[in-house]
Every structure is written in structure tokens, then in C-alpha cells.
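Residue numbers (the numbering used here): 11 to 166. Taking it in order: structure first as C-alpha cells, then the write-up.
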């Protein structure tokens, strides 16, 4: 693991209000233990983001979400203020920026990305899901911007 990644995760954990309050009240050992647990948890999320086929980060007006199959890590902040998601994207996780999508109804009616990498044979109706690449095709048609695109390049 790169030392820069650990440095960011440690600084983020130390900046949490709960950990700062523990330090302020003299409970430094407890704050350090909780920060260590937080860093280890976040490292696990980064490893999942790198290894899961449908892992992706999506950012919209409602916040930023790091989708990891059956786990989602989120915040109401944009990706610029969510270091874990920014690290995942910097390490190659696909990033879908939907802040420029104007047709909210069409976006809301899109199917979900399959959590476990499988694809529904009938991607219509409630609970439908599609592969990440199919989902990216759909949101890109609505105006989303894609970084770390996992789709194979097509030559013309």
C-alpha cells in the first residue's frame, strides 16, 4: 500500500469530530485505537473497490457513493470532500459523475447495477439490474461524465 494512501486515510480518521473530542478529553489511546480501526476498514473498502467487477463511485447533487457490491459507503458531500471515494477513483475505480444530468426522471428510472456481477435475464420491472458497462452506457446517454471507463475501447 502506498504511504500517501495511508497518510490520507490517517488524516481523515483523525479529523473526525468524535476522535478529536476523545483526544480533547484526554482519551488519546481510545482515539488512536478507533482511528486505526477506521483506517483498516477503509483499506478494506479500497481493496474491494479494486477487486469487485461492478464496484464504482457515483457523484451527484445528493452526494457521493462508493458502491461495493452489497456494501455502499456514502456521504452528502461531493467527491472533492470524500477522500475515500477520491482515493478509489485515483486507484482506477470507475467514476460516474451525474451532476450534469438534467433529466432526473429518466435517471431515476434506470435499472440498478448488479451487486454481485450477475445480470438479470429480464432487465425490466422492479428490482431489475444490469452490468456496470450497460449502466454506464445508459447514464452517459443522459449526459453523465465517466472516468476510469471499464468498457472496452472500440476502434472505428
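Using N, Cα and C, we set each Cβ at its ideal position, and we do this for glycine too.
Here residue 146 carries a helix assignment [DSSP, helix/strand/coil]. Taking C-beta atoms under 8 Å as the contact rule, residue 29 and residue 45 qualify, at a distance of about 6 Å. Cα atoms of residue 108 and residue 39: separation of roughly 41 Å, rounded to the nearest angstrom. A straight-line Cα-Cα distance of about 28 Å links residue 49 and residue 142. Under the criterion of beta carbons closer than 8 Å, residue 85 and residue 92 qualify as touching, at roughly 5 Å. For residue 124, the closest alpha carbon among the candidates 79, 51, 155 is that of 79.
Contact annotation: residue 117 and residue 69 have beta-carbon atoms that are not nearer than 9 Å.
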